[in-house]
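Under numbering that gives the first Met the number 0, the first residue of the sequence shown is numbered 0, with each subsequent residue one higher.
Below: the structure, in C-alpha cells.
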Amino acid sequence: MSIQHKAHTLVIHCIDFRFQQQIEDNLKVRNLNGQFDRISWPGVSKDFASIAKSAEVSINLHDPDEAIIYEHEDCGAYGEDNSLETHCNNAKKLKARLIELKPDIKVTTLFVTFDGIKEI
Ligand SMILES: [Zn+2]
C-alpha cells in the first residue's frame, strides 16, 4: 500500500464536550491545526479494542510520526473506577499497542482535568 497523505500526529480523545475546548487549545499550542488524524471515542483507551483498530487505520493510511492520547477526569465511560491510576494503566496499554504498530512513533499521554492538562 502506498502512502499518499502523511499526517504529523494522531490525536485520540474522549467525546466528552466539557473537555473539547481545552483539547483544541492544546492542539493549537502544538501547531497541529490541519495536520492530525483525530479519533474521538467514549472513554478513550478504556475501549482498547476499538481504539486500537481505529489507530491502526490511521497509522496504515497516514503514517503519523507522533500520537497524543488525551485521557480526562470524571469520564462517564469509566463509571465507578475513575482513578488516575486506571486511566494511566489504560493509556500505557494503548501506547504500547501504538508502538507495536509503528516502533518509532512518539507517544504522549496526557490527563485533562477541569484545571488544566498534565502528562501522565
Ligand atoms: Zn470521557
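Glycine is no exception: its CB is placed at the ideal position from the N, C-alpha and C atoms.
Going by the C-beta, is residue i closer than 7 Å to any heavy atom of ligand 1?
i             : result
proline 41    : yes
glycine 33    : no
aspartate 15  : yes
glycine 75    : yes
histidine 86  : no
isoleucine 61 : Per the sequence presented here, residue 61 reads as histidine, with isoleucine not at that position. The answer is no for histidine 61.
For a test of the three-state rule: what should DSSP assign to residue i, helix, strand or coil?
i                 : result
isoleucine 98     : helix
phenylalanine 110 : strand
Could you tell me which of the options sits nearest to residue i, measuring between CA atoms?
i            : options               : result
aspartate 15 : Thr8, Asn81 and Ser39 : Ser39
leucine 83   : Gln3, His4 and Glu118 : Glu118
What distance in whole Å lies between the Cβ atoms of residue j and residue i, which are believed to be in contact at a cut-off of 8 Å?
i             : j             : result
isoleucine 67 : threonine 107 : 5 Å
leucine 9     : alanine 54    : 6 Å
lysine 105    : glutamate 65  : 5 Å
Any alpha helix (DSSP H) of 4 or more consecutive residues that is wholly inside the segment 20-93: 47-61
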